[in-house]
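A.B. asks: One structure is given below, represented as structure tokens, and several questions about it will come after.
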Amino acid sequence: MTDLVNETGLRRSAYQTEAFEARLRRRYQAERRFQLMGIGAIAFAGLMLVVLLATITLNGYTAFFQSRFDVEVFFDAEAVTPSGSREPAVLSAGDYPALVRQALLDLVPDATGRDGKRALMELVSDSAAYTLREMVMSHPEIIGTRQRVSLIAADTADQFVKGHIPRDISQDKRKVSDRQIAWIDDLRAKGVLAKHFSLDVLTQSNSRQPEQAGMWGALIGSIMTMLVTLALSVPIGVAAAVYLEEFAPKNRWTDLIEVNINNLAAVPSIVFGLLGLSMFLNFFGMPRSSALIGGVVLALMTLPTIIIAARAALKSVPPSIREAALGIGASPLQVVVHHVLPLAAPGILTGTILGLGRALGETAPLLLIGMVAFVVDVPSSLSEPSTVLPVQIFMWAGSPERGWIERTSAAIMLLLAFLILMNAVAIFLRKKFERRW
Amino acid sequence: MRIEVSQRAMAGRQDGAVLRGVPNKITARAVNVHYGAKRALTDINLDIEENRVTALIGPSGCGKSTFLRCLNRMNDTIDICRVQGLIELDGEDIYAKTIDTVQLRARVGMVFQKPNPFPKSIYDNIAYGPRIHGLAQRGPEMDEIVRSSLERAGLWNEVKDRLREPGTGLSGGQQQRLCIARAIAVSPEVILMDEPCSALDPIATAHIEELIDELRENYTIVIVTHNMQQAARVSQKTAFFHLGEMVECDDTEEIFTTPRDERTQGYITGRYG
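Residue numbers (the numbering used here), protein chains in the order written: chain A, 1 to 437; chain B, 438 to 710.
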């Protein structure tokens, strides 16, 4: 160091030595390393998210297409109503599968014998016969005429058309036989069988057959459950937080309550399902597997999250605002309602969204209160049996047919869209309430 | 016990009235304040005269703000704070069971150390107090209260064209005058000011001091200040606090020219503070 001083002839401070500059360089290097690690972490998380979303979208988008047979059906009076009666009871008992079979046989004459006919019928969905029955029931005058009808294909045929079943493996390893493949190719060439864009997967209700299954019922169930959760957890949660934070004396009892609320937030959700089962179902006798009880259980699960978030938001309101209001003679309730709550609203909303987002994706507690039931009807009231999107996803994911894979992915897409919509509304509201001070 | 204290207070008030010819607005007798186990104020006896400015001075932590906050029961909001003794407003014990704090705080307004306007418009900042107390409905009546309050706080000309803008957008000095206007708007009898100029620059401070002098005509003012020159400029009476005790209280001139206690002298000559 001394020679440096001599060279320049200037006095150098302790912060201008080489040793110090080396230390300084190491400090900057540490910062750069930290930043690189941070960027790496974000890039990794982003990549995983892209992979996840891409997988779901690629698996799921085909659910919005449906293979259909565009065929001419002869509504043979002999098969529909052998007695000639037009009574609904008689019409509903008609042999509609025979009409479907005949329409297909007209197009595929080489499907002969019992096996051939059965193999041909496997290509079209069970729902085809019901479609024809509904047509006849609502318009009996079509009996004896020929009508162009669009019938949905069965799952295996649908999946083959979509290219999910490979054709170059031996036929005992796949669900469609070589003969069926030949028919499908022939029908596609004739323009009878084709893939159409279809929103049935959104607008239909659940079914045992993947090609007929949709998630409208689960979506409505989810919306109703969320409404119950929202209506219960937000007012109760905010009221509890306001009381504990603004009014309650600080003593051993309130400390105990606070510890318990914090612990409840960490309780596994399935425990809330057990509580719902033993309390609400067995003790209070509330309607099983309904949106009402689902909402109540999820509200219990969400409450601690909302209370904790709301208390944190209330705590962060500067005390000077409370003093200002008290100082001009506002009552404690006026202080809270007029000044503290509006300022805490953005934080409370954030907590609410976190809680509701978790509740929306929750499956485990709902399984225990019977929402795992197979529900075909769209629930029209809170007390009717219903299911919700995550449970629907859970059930579909557990079924073996190839068609369920795309339906499951499509349901996940809908669930994510629901979640994004909910968050967007919350962010909009938060921006609206946000004020500077 | 209670009667005895009251009689003592009555006697004190009569003495003051006889000696100075000015009635006492607030009398404090044997006031003790504890924060938990820690004693913050010891046996404070103090008379606050009507339509005068009383300054409370003293070094940091001497209890002057604590005493000020006893006068409108702001200390009630602090759980561990305990107030003993007698404080009377117009001869009425403000810590009596029958006294409502909302009513008391409407009569005894407060301006805080840091300007704390509500995050609302300038208009709503002023109108909030009168609205919750039902002094006026929306419309011309309220407009008049807002205008006169801002005028008396010397802020009207600066903000009359932007009453709908947020009060938090004003400068520090303007915000503090807004807070004074907000306190005036509910027509209190007493205004407590807790170091109202400590966050302000000298020009804004001069503004506020002029304002305090004008407000004296209509209100009784108690001001806590660190700044001895300020106390000398704005107040007629000064009380010197030290380590939780009220050492000396007299006319401001007396305190600053011929202090009787040597602690007072030490403080005003700058030996500690």
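Glycine included, each C-beta is placed from N, C-alpha and C at the ideal position.
My output table needs one value for aspartate 3 (chain A): the three-state DSSP class, helix, strand or coil.
C.D. replies: Unreliable placement is indicated for aspartate 3 (chain A), whose pLDDT of 47 sits below 50; the coordinate value is still reported in the next sentence. The answer is helix: DSSP assigns aspartate 3 (chain A) an H, G or I state.
A.B. asks: Where does the unbroken beta strand (DSSP E) through isoleucine 293 (chain A) begin, and where does it stop?
C.D. replies: No beta strand (DSSP E) holds isoleucine 293 (chain A); the alpha helix (DSSP H) holding it covers 291-315.
A.B. asks: Could you check which residue in B:Asp580, B:Thr514, B:Ile559, B:Arg506 has the C-alpha nearest to that of leucine 600 (chain B)?
C.D. replies: Among B:Asp580, B:Thr514, B:Ile559, B:Arg506, the Cα nearest to that of leucine 600 (chain B) is on B:Ile559.
A.B. asks: Going straight from the alpha carbon of proline 639 (chain B) to that of isoleucine 621 (chain B), what length do you get?
C.D. replies: So the alpha carbons of these two residues sit roughly 23 angstroms apart.
A.B. asks: Starting from alanine 129 (chain A), follow the beta strand (DSSP E) in both directions and report where the run begins and ends.
C.D. replies: Element bounds for alanine 129 (chain A): not the beta strand (DSSP E) but the alpha helix (DSSP H), 127-138.
A.B. asks: Assuming contact is defined by CB atoms lying nearer than 8 angstroms, are serine 383 (chain A) and leucine 292 (chain A) in contact in what I supplied?
C.D. replies: Closer than 8 angstroms, so yes.
A.B. asks: Terminal residues of the continuous alpha helix (DSSP H) containing cysteine 634 (chain B)?
C.D. replies: Premise fails: cysteine 634 (chain B) is in no alpha helix (DSSP H) and is neither H nor E.
A.B. asks: Between histidine 339 (chain A) and chain B, is the shortest Cβ-Cβ distance under 8 angstroms, so that the two count as touching?
C.D. replies: Closer than 8 angstroms: yes.
A.B. asks: Using Cβ-Cβ distances below 8 angstroms, what residues of the stretch 602-621 of chain B are close to chain A?
C.D. replies: Taking 8 angstroms as the Cβ-Cβ cut-off against chain A, the residues of the stretch 602-621 of chain B that qualify are Pro603, Thr605, Cys616, Arg619, Ala620.
A.B. asks: Return the residues of the stretch 503-525 of chain B that lie within a Cβ-Cβ distance of less than 8 angstroms from chain A, sorted by chain order.
C.D. replies: Cβ contacts with chain A come from Asn509, Met511, Thr514, Asp516.
A.B. asks: Could you check whether leucine 104 (chain A) and valine 71 (chain A) sit closer than 8 angstroms to each other, using their CB atoms as the reference points?
C.D. replies: Yes, Cβ-Cβ distance for valine 71 (chain A) and leucine 104 (chain A) is below 8 angstroms.
A.B. asks: Valine 539 (chain B) touches chain A at which residues, Cβ-Cβ below 7 angstroms?
C.D. replies: Within 7 angstroms Cβ-Cβ: Gly329, Ser331.
A.B. asks: In chain A, what lies closer than 8 angstroms to alanine 543 (chain B) by C-beta?
C.D. replies: Within chain A, the residues near alanine 543 (chain B) are Ile328, Gly329.
A.B. asks: With asparagine 215 (chain A) and alanine 345 (chain A) assumed to form a contact (beta carbons below 8 angstroms), what rounded beta-carbon distance in angstroms separates them?
C.D. replies: Inspection of the sequence shows that residue 215 (chain A) is occupied by methionine rather than by asparagine. 33 angstroms between Cβ atoms; not a contact.
A.B. asks: So, with DSSP's three-state summary, where would you put tyrosine 736 (chain B)?
C.D. replies: A question about residue 736 (chain B) goes unanswered here, because the residues of chain B that appear run from 438 up to 710.
A.B. asks: Is the Cβ of lysine 431 (chain A) closer than 8 angstroms to any Cβ of chain B?
C.D. replies: Output row for lysine 431 (chain A): interface = no.
A.B. asks: Could you check how far apart the C-beta atoms of glycine 94 (chain A) and valine 73 (chain A) are, in whole angstroms? I think they sit under 8 angstroms.
C.D. replies: No, glycine 94 (chain A) and valine 73 (chain A) are not in contact; Cβ-Cβ is about 13 angstroms, not under 8 angstroms.
A.B. asks: What three-state label does DSSP hand cysteine 499 (chain B) in the structure shown?
C.D. replies: Correct three-state label for cysteine 499 (chain B): coil.
A.B. asks: Count the other CB atoms, across all protein chains shown, that sit within 10 Å of the CB of phenylalanine 272 (chain A); report buried if there are 16 or more and exposed otherwise.
C.D. replies: By the 10 Å Cβ count, phenylalanine 272 (chain A) comes out buried.
A.B. asks: For lysine 250 (chain A), go through chain B and note every residue whose CB falls closer than 8 angstroms to its CB, in chain order.
C.D. replies: The answer, in chain order, is Asp516.
A.B. asks: Work out the CA separation of arginine 708 (chain B) and glycine 681 (chain B) for me, nearest whole Å.
C.D. replies: Rounded to the nearest angstrom, the two C-alpha atoms are 19 angstroms apart.
A.B. asks: When the Cα of arginine 402 (chain A) is compared with those of A:Ala45, A:Leu415, A:Asn59, A:Leu36, which residue comes out closest?
C.D. replies: When each option's Cα is compared against that of arginine 402 (chain A), the closest is A:Asn59.
A.B. asks: In the structure shown, what three-state DSSP assignment does proline 714 (chain B) receive?
C.D. replies: Residue 714 (chain B) cannot be examined here, being either before or after the span of chain B that is shown, 438 to 710.
A.B. asks: Determine, using beta carbons only, whether alanine 43 (chain A) comes closer than 8 angstroms to chain B.
C.D. replies: Alanine 43 (chain A) does not count as touching chain B.
A.B. asks: Could you name the residues of the same chain whose beta carbon sits closer than 6 angstroms to that of isoleucine 628 (chain B), not counting the 5 residues immediately before and after it, in chain order?
C.D. replies: Hits under 6 angstroms: Gly546, Ala620, Tyr656, Ile658.
A.B. asks: Quick one, which of A:Ala248, A:Gly295, A:Thr302 has its alpha-carbon nearest asparagine 263 (chain A)'s?
C.D. replies: Comparing Cα positions, the closest option is A:Thr302.
A.B. asks: State yes or no: is the beta carbon of methionine 547 (chain B) nearer than 8 angstroms to at least one beta carbon in chain A?
C.D. replies: By this cut-off, methionine 547 (chain B) is an interface position.
A.B. asks: Mind listing which residues of the stretch 558-585 of chain B have their C-beta closer than 8 angstroms to chain A's C-betas, in chain order?
C.D. replies: For the stretch 558-585 of chain B, which is checked against every Cβ of chain A, the residues closer than 8 angstroms are Tyr565, Gly566, Ile569, His570.
A.B. asks: For tyrosine 472 (chain B), name the three-state secondary structure that DSSP assigns.
C.D. replies: Reduced to three states, the DSSP call for tyrosine 472 (chain B) is strand.
A.B. asks: Let me confirm a value: proline 304 (chain A) is counted as buried when at least 16 other C-beta atoms fall within 10 Å, else exposed. Which label applies?
C.D. replies: Buried is the call here.
A.B. asks: Of all the options B:Met511, B:Gly610, B:Thr464, B:Gly498, which has the alpha carbon lying nearest to the alpha carbon of threonine 491 (chain B)?
C.D. replies: Out of B:Met511, B:Gly610, B:Thr464, B:Gly498, B:Thr464 has the C-alpha closest to the C-alpha of threonine 491 (chain B).
A.B. asks: Could you please give the first and the last residue of the uninterrupted beta strand (DSSP E) stretch that includes leucine 105 (chain A)?
C.D. replies: Premise fails: leucine 105 (chain A) lies in the alpha helix (DSSP H), 96-107, not in any beta strand (DSSP E).
A.B. asks: DSSP three-state label for arginine 510 (chain B), please.
C.D. replies: Three-state DSSP puts arginine 510 (chain B) in coil, outside helix and strand.
A.B. asks: Taking the C-alpha atoms as reference points, what is the distance between leucine 429 (chain A) and valine 108 (chain A)?
C.D. replies: Leucine 429 (chain A) and valine 108 (chain A): Cα-Cα distance of roughly 60 angstroms.
A.B. asks: For alanine 381 (chain B) and threonine 479 (chain B), I'd like the C-alpha separation in whole angstroms.
C.D. replies: Absent from the structure is residue 381 (chain B), since the part of chain B shown begins at 438 and ends at 710.
A.B. asks: Among A:Pro365, A:Arg146, A:Val267, which has the Cα closest to the Cα of glycine 295 (chain A)?
C.D. replies: Closest by alpha carbon: A:Pro365.
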